[in-house]
Every structure is written in structure tokens, then in C-alpha cells.
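**Q** Take the sequence shown: its position 243, counted from the start at 1, is 244 in our numbering, and no numbers get skipped.
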Amino acid sequence: MSPCYTDPVTRPTLIAANWKMNPPPEGWNAIESPYRQTDGVDIVVFPPFVYLKSCIAAGLRTGAQCGHPEPAGAHTGCISMAMTAQEGCEAVLCGHSDRRRDQKETDNFIAEQVVAAFENKLFAILCIGETEKEREAGREREVVERQLQSVLDLLQSTTYNLQAIAYEPVWAIGTGRNATPEQAQEMHAFIRSLLPETHQSATRILYGGSMNAANAEELLRQPDIDGGLVGGASLKSEEFRKIVAVAAVHHR
Ligand code: 13P
Numbered sequence: 002m003s004p005c006y007t008d009p010v011t012r013p014t015l016i017a018a019n020w021k022m023n024p025p026p027e028g029w030n031a032i033e034s035p036y037r038q039t040d041g042v043d044i045v046v047f048p049p050f051v052y053l054k055s056c057i058a059a060g061l062r063t064g065a066q067c068g069h070p071e072p073a074g075a076h077t078g079c080i081s082m083a084m085t086a087q088e089g090c091e092a093v094l095c096g097h098s099d100r101r102r103d104q105k106e107t108d109n110f111i112a113e114q115v116v117a118a119f120e121n122k123l124f125a126i127l128c129i130g131e132t133e134k135e136r137e138a139g140r141e142r143e144v145v146e147r148q149l150q151s152v153l154d155l156l157q158s159t160t161y162n163l164q165a166i167a168y169e170p171v172w173a174i175g176t177g178r179n180a181t182p183e184q185a186q187e188m189h190a191f192i193r194s195l196l197p198e199t200h201q202s203a204t205r206i207l208y209g210g211s212m213n214a215a216n217a218e219e220l221l222r223q224p225d226i227d228g229g230l231v232g233g234a235s236l237k238s239e240e241f242r243k244i245v246a247v248a249a250v251h252h253r
């Protein structure tokens, strides 16, 4: 890669492991670790901050779970995009719903993170997705469009373009209830249609939300699903290995 640096023709499948606030899973740094880059599939791990250095030292493509847009300053507990890039991170998650919920990250702040990520040459994965209540009210498209548009608006004043988006319906995260392949495909196609025409085919759109070894195949088979952002199942190395194996078969 340079991870994930977009190939507009093939959009290679990207499988990202978001370990959230958990230690690296057993076998993470083994020679045969499933978290290492493999032929035909781009793999990136997102460990908690304190494990970034070890993952980078072990040769894994590593990203931060978030990053503050300002390079430095009075933001206790935060780490800047610039710092994560200096440490050797290649990627960063922006706007994960855990952080929209826990840290009350706003659309504007998330847009600033995306721009700061690009300024620091990080591969940004913008996370968007509706809550269960919003879907029940039939507002899922409106919510996802709002979340995406605020980033597209800010990017308009720059020379950058989105490289990757993760559609993660909040009701599917950690619930064991993944979006059906049809629901996910429909939303991914909608998201792609909102992107500037020149970048629709180059932007990778990942699915996240209870992806596992059993459902990865039917999800990754969808034409607009270019990979997965995997939480719980990425903490079990053998389960993750199976997801990567499925992705390798479906790589474009
Ligand atoms: P789960 O795979 O545990 O549902 O988590 C998805 C997620 O939030 C990845 O970022």
C-alpha cells in the first residue's frame, strides 16, 4: 500500500481491524499473523494509542482510532494527527460512532479531522451511519448524507478527496445483527452517488457492524462494498483470518 492508497481502477479490498479499547489479540505479532498485509487484500489495524508503537515495530500497517486536528495544544488526553503520523501511523479513523456518542464529536470537528489527516499524509477512513431510531423513522439516508456532506463541504476548499468511507449503522455495531447485504449495498450505492463524480469509482466504501467470518462473504460480494471495518471479530485472530481469506477470494 502505501496502505490503501487508492487504485481507482481496482479498488482493492480493504479489511480494517478496529480493536477499540482492547489489547492486541493473541497472535497479533506472529510471523503468520492474519493482521499482516497479504496478497490481494489491504489490511490495517487500529489499536489503542499505547499499542501503536509495538504494532508499527512489528511491521503491521497501523492506524490511530482518532486524532485531534490541531498539531499541538491544550487538549488533555488527546493526540494530534501530526503526532500519530510522526509515530509511523499510516491511517486514521475519523468520526467513529463510538466517539460521536462518547466524546460528542460533531460533524464539523470530524470534517476538520479529515482535512488534518490528509495534511499529515494519513489515510483517513470517515465513519458514518445512522442509529436504530433514525432508521426506524426512515431518516437513514438523510443522516448519512448530512454526515458525509459536512466533510465534502470542507474538502471543497482544499485539494484533497476522500479515499475511504466506512458505513457503520450504529444498530449493527456490537449487536450481532449485521445489516443485510441488500441494506448495506443500497446504502453504499447511495453514499457513492453523493461523492463528486470524478472520485466515485476511486473511493473505497467499507461496511462495519457485526461483520464476521460467517457473513463476510455475502457482504463483500456486493458491488459497492469494498471491504470491512471489523470490531469484535477482529479480536479473535482465527476469526479474523477467515474474514481475510474471504476477502482475498473477492478481491477485484
Ligand atoms: P463490531 O464488528 O463489533 O460490530 O464493531 C464494528 C465497528 O464499530 C468497527 O469500527
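From the three backbone atoms N, C-alpha and C, an ideal C-beta is built for every residue, glycine too.
At what residue ranges does the stretch 187-213 contain a whole run of the beta strand (DSSP E), taking only runs of 3 or more?
**A** Within the stretch 187-213, the complete beta strand (DSSP E) runs of at least 3 residues are 205-209.
**Q** According to the neighbour-count rule (16 or more other Cβ atoms, all chains shown, within 10 Å of its Cβ), is A185 buried or exposed?
**A** Buried, since its Cβ has 16 or more Cβ neighbours within 10 Å.
**Q** Is any non-hydrogen atom of ligand 1 found closer than 6 Å to the C-beta of S238, if you look at the structure I gave you?
**A** S238 Cβ: outside cutoff for every heavy atom of ligand 1.
**Q** Which residues in the same chain as E65 place their Cβ atom closer than 6 Å to its Cβ, once the five residues preceding and following it in sequence are excluded?
**A** The sequence as given places Ala at residue 65; Glu does not occur at that position. So the list reads T85, C90 and V93, once near-sequence residues are dropped.
**Q** Measure the alpha-carbon distance for F110 versus R100 and round it to whole angstroms.
**A** So the alpha carbons of these two residues sit roughly 11 Å apart.
**Q** Going by the beta-carbon positions, is the gap between F119 and Y161 smaller than 7 Å?
**A** Yes, they are a contact pair.
**Q** Identify whether P40 lies in helix, strand or coil by the three-state DSSP scheme.
**A** The sequence given here has Asp at residue 40, not Pro. Looking at D40 - three-state DSSP - the assignment turns out to be coil, as it is neither helix nor strand.
**Q** Can you round the beta-carbon distance between S235 and A18 to whole angstroms, since I take them to be within the 8 Å contact cut?
**A** Right, their Cβ atoms sit about 3 Å apart.
**Q** To the nearest angstrom, how far is it from the Cα of V171 to the Cα of R136?
**A** Each residue's alpha carbon lies about 10 Å from the other.
**Q** Take H69 as the anchor and find which of E33, V116, Y52 and E27 has the nearest alpha-carbon.
**A** Nearest option by C-alpha distance: V116.
**Q** Got a sec? Which residues, its chain only, sit under 6 Å from Q223 by beta carbon, not counting five neighbours each side?
**A** The residues are P182 and Q186.
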